[in-house]
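Have a look at the structure below, then the notes.
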Amino acid sequence: MNLYLAQHGQAVTKEVDPGRPLSPQGEQDVEHMAEFLDKSGVSMNRILHSGKMRAHQTAEILADKLLLKGEIEAIAGINPNDSVEDFASKLHKLKHDSMLVGHLPFMARLVAYLTSGNADHEIVDYKPGSIVCLEQDAEQNWHLRWMLRPDLIK
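Going left to right, the sequence shown walks through residues 144 to 297 as the numbering used here numbers them.
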């Protein structure tokens, strides 16, 4: 099973809009990522997001190209400072390729925890709109398969 861990795209500042929607650049970056991944054959059955506006918008853009006949759903437990250990204990419920769209530091800590057992071990350097693909093997271990950032596909 593949687990795609996406950081939301670049958002506007709180001063511009307290809801912090995606900026025009953030929307464009996520659209480019979705197009690139679609051409690469990436797809998933489910996209889960934090419920925050910028994560929901990112999930919608990605779903347009990558979501099979599945669903987009807001879930609890993936906000910036939520416990990665608690969330990781629930991952066995995912039976098919899925994507999480969330925030830092949660996403980077989850990658570290799943691949090394230590959430404080820095494995990847997320930038807004980045996506990490983790693959789970037959022994239920997670391995870093790839990472893609918007600045790499411009």
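C-beta: ideal position from N, C-alpha, C; glycine also.
{"Item": "Per DSSP, the bridge partner or partners of Gly-245", "Value": "Gln-150"}
{"Item": "Bridge-paired residues (DSSP) for Asn-224", "Value": "Per DSSP, none; premise fails for Asn-224."}
{"Item": "Own chain, CB closer than 8 Å to Asn-261, minus 5 neighbours either side, in chain order", "Value": "Ala-255"}
{"Item": "Cβ pair Asp-207, Pro-271 closer than 9 Å", "Value": "no"}
{"Item": "According to DSSP, residues forming a beta bridge with Gln-279", "Value": "Trp-285"}
{"Item": "Same chain, Cβ closer than 7 Å to Lys-157, neighbours up to 5 away in sequence not counted", "Value": "Arg-163"}
{"Item": "Where His-235 falls, given that 16 or more other Cβ within 10 Å makes a residue buried", "Value": "exposed"}
{"Item": "Endpoints, beta strand (DSSP E) assigned at Ile-215", "Value": "210-217"}
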